[in-house]
Amino acid sequence: MYGLGVNRLGVTNTSGFVPSTLFASGEEGAWYDPSDFSSMFQNSDGTGAPAVNGPIGYIADKSGNGNHAIQATSAKRPTLRQAGSLYYLEFFGAQGLATSAIDFTGTNEMTVVSGAHKDIDATVVVAELSPHVGQNDGAFRLASVVTDAWRYTSKGTITINSSTPADYAPPSTNVLTGITDIDGDVNKIRVDGVEKASSTSDQGNGPFGNWTLNVGARNNATSLFLDGRIYGLVVRGAESSAAEIASTEAYMAAKTGVTL
């Protein structure tokens, strides 16, 4: 267990782990941190200082890859909220953020970790690579699904799902981890540090694609809208080791207020 804490500027305590280390060898991906006010703006052009209870139209990618997530339409921007020492983006209705296309064509592997909260029992997106995972090869989706479950979907050329038991009735706040190896036919979902479901079914052929990353909704906030919160999100174009997963989950748990 890592005793991690994050302050308003996204600075960790002396344990030292930060998700940027996951990208130190040039891994493609993104890291979004709503506790770091210096990484967010009200407007999609990177202007307007963020404020609690105000809109967020731009959140910078802290992985070093430059995959910033934006929303050009003001009505579709999530709201920055604070609950005690925790900060999160609240999504309600037709709201979401999206990146430019991220080139994951150099990998068949993916690790996705998020601190998320859902307020409704519905199929809603936490994060989705591509406009629609079922229609696009080399994609993934981390989502809530009916009834009372979380699901991780990945696809080379064949769509595979791993769904948790129906143990997560809303409101539910959790640390979620999705793991993929297309060539190795690995698809797993972990919740609060524990593997809850997996599949070894054939995922077809990789690699992952050159797609936009959608946050809080599908296809730049056109459907599957998250009614809930995102406390943080890390997307890494690699299958993280057990130690890397444990460190990332502990970090995200501290930011989300979840005990692993």
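Under our numbering, think of the first position of the sequence shown as 4, with each following residue one higher. Beta carbons: idealized from backbone N, C-alpha and C, even for Gly.
Can you name, in chain order, every residue of its own chain whose Cβ lies under 8 Å from the Cβ of M43, other than the five neighbours on each side?
-> P37, P53, I59, Y61, I62, A63 and L83
Ordered list of beta strand (DSSP E) runs contained in the segment 37–91, each at least 3 residues = 82–86
In whole angstroms, what separates the C-alpha of K121 from that of A200?
-> 19 Å
Do you know offhand how far S23's Cα is from L132's?
-> 20 Å
Secondary structure at F94, three-state DSSP: helix, strand or coil?
-> strand
Would you mind giving the Cβ-Cβ distance between I182 and Q206, rounded to the nearest angstrom? I have them listed as a contact below 8 Å.
-> The pair is not a contact, with the Cβ atoms about 12 Å apart (cut-off 8 Å).
Assign Y234 to one of three DSSP states: helix, strand, or coil.
-> strand
In angstroms, rounded to a whole number, what distance separates the CA positions of Q138 and G159?
-> 11 Å
In its own chain, which residues sit with a C-beta less than 6 Å from the C-beta of A75, not counting the 5 before and 5 after it?
-> S47
With distances taken from CA atoms, which of N177, T150, R144 and V178 is nearest G219?
-> R144
Mind checking P81: buried by the 16 CB within 10 Å criterion, or exposed?
-> buried
Among the residues of its own chain, which have a CB less than 6 Å from the CB of I105, if the five just before and after it don't count?
-> N70 and L216
Pick out the complete alpha helix (DSSP H) segments inside the segment 138–171, 4 residues or longer, and give them in chain order.
-> none
Assign Q98 to buried or exposed, taking buried as 16 or more other Cβ atoms, counted over all protein chains shown, within 10 Å of its Cβ.
-> buried
Look up G13 in the DSSP assignment and say whether it is helix, strand or coil.
-> Bear in mind that the predicted position of G13 carries a pLDDT of just 39, short of 50, making it too unreliable to give a figure here.
CB D170 to CB V149, shorter than 7 Å?
-> no
Residue ranges of each beta strand (DSSP E) within the segment 95–131, 3 or longer | 112–121
Quick one: Cα of K191 to Cα of S202, how far?
-> 6 Å
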